[in-house]
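> These protein sequence lines are chains A and B, in that order. For the first sequence, my numbering assigns the number 57 to the initial residue and increments by one for each residue that follows. For the second sequence, my numbering assigns the number 198 to the initial residue and increments by one for each residue that follows. Submitted below is the structure of interest, expressed as structure tokens.
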Amino acid sequence: GAVVSQHPSRVICKSGTSVKIECRSLDFQATTMFWYRQFPKQSLMLMATSNEGSKATYEQGVEKDKFLINHASLTLSTLTVTSAHPEDSSFYICSALRDRVGGNNQPQHFGDGTRLSIL
Amino acid sequence: GEDVEQSLFLSVREGDSSVINCTYTDSSSTYLYWYKQEPGAGLQLLTYIFSNMDMKQDQRLTVLLNKKDKHLSLRIADTQTGDSAIYFCAERTGGFKTIFGAGTRLFVKA
Chain A
57 GAVVSQHPSR VICKSGTSVK IECRSLDFQA TTMFWYRQFP KQSLMLMATS
107 NEGSKATYEQ GVEKDKFLIN HASLTLSTLT VTSAHPEDSS FYICSALRDR
157 VGGNNQPQHF GDGTRLSIL
Chain B
198 GEDVEQSLFL SVREGDSSVI NCTYTDSSST YLYWYKQEPG AGLQLLTYIF
248 SNMDMKQDQR LTVLLNKKDK HLSLRIADTQ TGDSAIYFCA ERTGGFKTIF
298 GAGTRLFVKA
């Protein structure tokens, strides 16, 4: 159980294009999802926390208008990289927190990531 | 502040035990996790330990927690070439936020 599906796995596109990445929790509900960015040989950098039905919470230094997050249902969050440029090329990973009555100390379950390459 | 540190590289021979170490700073951590990342993939949860436990064993994996020293370790018994990956230590603070270490790259020599 606790499977998170992330799509697409790889995107190559031209500079100026907007790219949408989907993150789905397949067998559980997730009010809270997270979006991370990972540079080569580095750890995960939390970009934003996505909350179903409300605005995402962005980490310091992350541009809200550049990285649009929509969490419209309990099983789906999307990250749209708007007008992408080569410096946005990276590995983007989402994770979901399983909803649980009585508190939430569950581990995060991760998608397989999306490798974005902007030419 | 919140910080998680771990060594960046570990090399072992196949069949030996691997021990990956991690230190954290937040004394209010509730859960501590070990994740595995293979090349080009997301993170796979390996195991986790609640902060009031000292040890947890799951097949070849043993997690030791020294809460006084804020030290966490992951021991992999009988390490195989398939265990080669990056291992991330992570702590769950009092809220929802999870803080990750930089990852330890485990290289297993045949």
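All residues carry an ideal CB built from backbone N, CA and C; glycine is no exception. The model shown is predicted, which means the values in this text are computed figures rather than measured ones.
1) Over what stretch of residues does the beta strand (DSSP E) that includes residue 75 (chain A) continue unbroken?
2) Alpha carbon to alpha carbon, how far is residue 242 (chain B) from residue 201 (chain B)? Give it in angstroms, no decimals.
3) Does the distance from the CB of residue 272 (chain B) to the CB of residue 209 (chain B) come in under 8 angstroms?
4) Quick check on DSSP: helix, strand or coil for residue 144 (chain A)?
5) Where does residue 166 (chain A) land, buried or exposed, given buried means 16+ other C-beta within 10 angstroms?
6) Check the Cβ-Cβ distances between residue 279 (chain B) and every residue of chain A, and say whether any is below 8 angstroms.
7) By the criterion of Cβ-Cβ separation under 7 angstroms, what are the contact partners of residue 295 (chain B) in chain A?
8) Taking the beta strand (DSSP E) that residue 94 (chain A) belongs to, which residues open and close that run?
9) Would you be able to state if there are at least three C-beta pairs under 8 angstroms between the region 69 to 88 of chain A and the region 122 to 140 of chain A?
10) Which chain A residues are close to residue 242 (chain B), counting only those with a beta carbon under 7 angstroms from its beta carbon?
11) Output needed for residue 100 (chain A): all residues of its chain with C-beta closer than 7 angstroms, excluding positions within five of it in sequence on either side, in chain order.
Looking at the atomic coordinates:
1) 75 to 81
2) 17 angstroms
3) no
4) helix
5) buried
6) no
7) 164
8) 88 to 94
9) yes
10) 163 and 165
11) 92, 94 and 149
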